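Trainee: With the numbering used here, the residue at position 33 of the sequence shown is 157, and numbering never jumps.
We put the CB at the ideal spot given by N, CA and C, even for glycine.
Values in this document were obtained by computation on a predicted structure and should not be read as measured data.
Structure in structure tokens, see below.
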Amino acid sequence: MDSGLMNFTATVLGTAAAALLLIAKLQAAPEPGIDLGNTLAGTNVLPIDQAAVGSVKPASGEPSAVRLIDLRSGASCKVAGREPTAQAFEPAPLGPDCASSPDLSRVSQWRATGDGMLVMADTHGETVLRFMPGDGVLFESVYPRDALVTIVPARG
Numbered sequence: 125m126d127s128g129l130m131n132f133t134a135t136v137l138g139t140a141a142a143a144l145l146l147i148a149k150l151q152a153a154p155e156p157g158i159d160l161g162n163t164l165a166g167t168n169v170l171p172i173d174q175a176a177v178g179s180v181k182p183a184s185g186e187p188s189a190v191r192l193i194d195l196r197s198g199a200s201c202k203v204a205g206r207e208p209t210a211q212a213f214e215p216a217p218l219g220p221d222c223a224s225s226p227d228l229s230r231v232s233q234w235r236a237t238g239d240g241m242l243v244m245a246d247t248h249g250e251t252v253l254r255f256m257p258g259d260g261v262l263f264e265s266v267y268p269r270d271a272l273v274t275i276v277p278a279r280g
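Shown next as structure tokens:
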């Protein structure tokens with residue numbers, strides 16, 4: 125191998141190693157074998173105050189009431205109690221505010237399914253709306269496709 129090529133290769137490898145070390149320093153990654161103790165990225169880390177963390181209470185798992193919002197019609201109604209837990213249909217306690225929604229006005233019963241879905245049906249048991257657990261909401265409608273109804277925890 126030519127000595128010029130070997131010098132070039134050594135220079136490139138040395139430069140690459142130096143660049144990697146520089147990038148590691150810029151990203152504040154610790155160097156292997158160096159004990160940083162109670163530091164993170166070269167700065168002091170304060171210990172977690174267990175008393176402060178312990179005083180924060182988690183939100184309760186089940187809301188005492190939910191709000192149904194029909195995003196197409198603008199209707200919004202509060203439903204006292206929780207979503208149904210049984211596999212069989214039970215009366216849906218929808219209030220009169222739901223009457224202004226074309227979809228929600230047809231609902232008279234609801235049930236939960238084994239896969240986490242929520243089904244709302246009319247008096248004959250025909251499905252009016254089907255919901256799945258939502259992202260940022262408790263449930264969001266998935267049937268019929270053009271329905272835009274969400275279920276969120278009710279405030280107050």
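Just checking my contact of GLN233 with ALA216 at CB under 8 angstroms: how many whole Å lie between their CB atoms?
Mentor: For the purposes of this step, residue 233 is taken as residue 109 along the sequence shown, with counting starting at 1. For the purposes of this step, residue 216 is taken as residue 92 along the sequence shown, with counting starting at 1. So it is a contact: roughly 5 angstroms between Cβ atoms.
Trainee: State yes or no: is the C-beta of ARG254 within less than 8 angstroms of the C-beta of VAL261?
Mentor: Position 130 of the sequence shown, counted from the start, is the residue given in the question as residue 254. Position 137 of the sequence shown, counted from the start, is the residue given in the question as residue 261. Not in contact: ARG254 and VAL261 (Cβ atoms no closer than 8 angstroms).
Trainee: Tell me which residue opens and which closes the beta strand (DSSP E) that GLU264 is part of.
Mentor: Counted from its first residue, the sequence shown places residue 264 at position 140. Element bounds for GLU264: 263 to 267.
Trainee: Helix, strand or coil, according to DSSP, for ARG230 in the structure here?
Mentor: Position 106 of the sequence shown holds residue 230. Correct three-state label for ARG230: helix.
Trainee: Do VAL203 and ASP227 come within 8 angstroms of each other at the CB atom, strictly closer than that value?
Mentor: Residue 227 sits at position 103 when you count from the first residue of the sequence shown. Residue 203 sits at position 79 when you count from the first residue of the sequence shown. Taking 8 angstroms as the Cβ cut-off, ASP227 and VAL203 do not qualify as a contacting pair.
Trainee: Kindly list the residues whose CB is nearer than 8 angstroms to the CB of TYR267, restricted to its own chain and excluding five residues on each side of it in sequence; keep chain order.
Mentor: For the purposes of this step, residue 267 is taken as the residue at position 143 of the sequence shown. Answer for TYR267: THR251, LEU253, ARG254, listed in chain order.
Trainee: Note the first and the last residue of the continuous beta strand (DSSP E) segment covering ASP194.
Mentor: Locating residue 194 in the sequence shown gives position 70, counting from the first residue. Start and end: 189 to 194.
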